[in-house]
Amino acid sequence: MAKVALIGASGAVGSRLLRELSDRGHTVTGIARNPEKIVSLPGVTARKGDLFDEKGLAGLLRGHDVVISAVHFLDSDADRLIAAVRASGVKRYLVVGGAGSLEVAPGKRLVDTPEFPAIYKAEAQKGADFLDRLKTVGDLDWTFLSPSAMFVPGERTGKFRLGKDTLLASDKGSSISFEDYAIVMVDEIEKPAHIRQRFTVGY
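Have a look at this one:
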């Protein structure tokens, strides 16, 4: 079992990751601005953390096997997060990515399509920038897991497809539940298969 530091443990995705990690017997330090919002689960310790306090965050991360970022890109800073992980000495770093940087055709990203909702564009672009930044990082075993276009609360079915850099879609559209996404993220911790890579999950 791994010791996992989960940044953003009280959020929509973070709370599902927290439950999946706890259910599988991992030891988790859940980090959030308001730790009282972190669900109390077996093996989980809630801690208060500031995304923009590199030194303080590094101290919270130190001693873990894995760090997961499950925070909005607009509410964080890639360089500061990466610096905190580096300073902590933890080598394994997983990031809850976005769908915007996935390709819908060779060389054409989802975020650059005319139908991409304007309201999500800034977040998607910052997520794409985060991935570009990670690709320059050679001293961390990072993984960036992009969801499908519709990333929503749902069921834990355990039935999904994995891909690399291309948006996954079916005749029902492009979607994945938070719950099934969490399965894939924790699978990647238990059996690493995408070191220094981005991959994606969808139905």
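Just so we're aligned, residue 1 is where the sequence shown starts under the UniProt record's numbering, counting upward by one. Note that CB positions come from ideal geometry on N, CA and C, so glycine has one too. From a predicted model like this one, the values you see are computed outputs, not experimental measurements.
- Per DSSP, Ala128 lies in no beta strand (DSSP E); the unbroken alpha helix (DSSP H) holding it starts and ends at 121-134.
- Relative to the Cα of Asp77, the nearest Cα in the group Arg33, Asp129, Val201 belongs to Asp129.
- The C-beta distance from Val39 to Leu18 rounds to 6 Å, short enough to meet the 8 Å contact threshold.
- Bridge partners of Val28 according to DSSP: Val4, Val44.
- With 16 or more other Cβ atoms from the protein chains shown falling within 10 Å of its own Cβ, Phe144 counts as buried.
- Residue Arg92 holds the alpha-carbon nearest to the alpha-carbon of Lys191 among Ser170, Arg92, Thr157.
- Of the residues Val85, Leu21, Ala5, Gly49, the one whose Cα lies closest to the Cα of Val137 is Val85.
- When the five nearest sequence neighbours on each side are left out, the beta carbons in the same chain lying within less than 8 Å of the beta carbon of Val184 are those of Leu145, Phe160, Leu162, Val201, in order along the chain.
- Exclusion of the five residues before and after Leu74 leaves Ala122, Glu123, Lys126 as the residues of its chain whose Cβ lies within less than 7 Å of its Cβ.
- Around the beta carbon of Gly14, a 10 Å sphere encloses 16 or more other beta carbons of the protein chains shown; the residue is thus reported as buried.
- Between Leu168 and Tyr120, the C-beta spacing is not below 9 Å.
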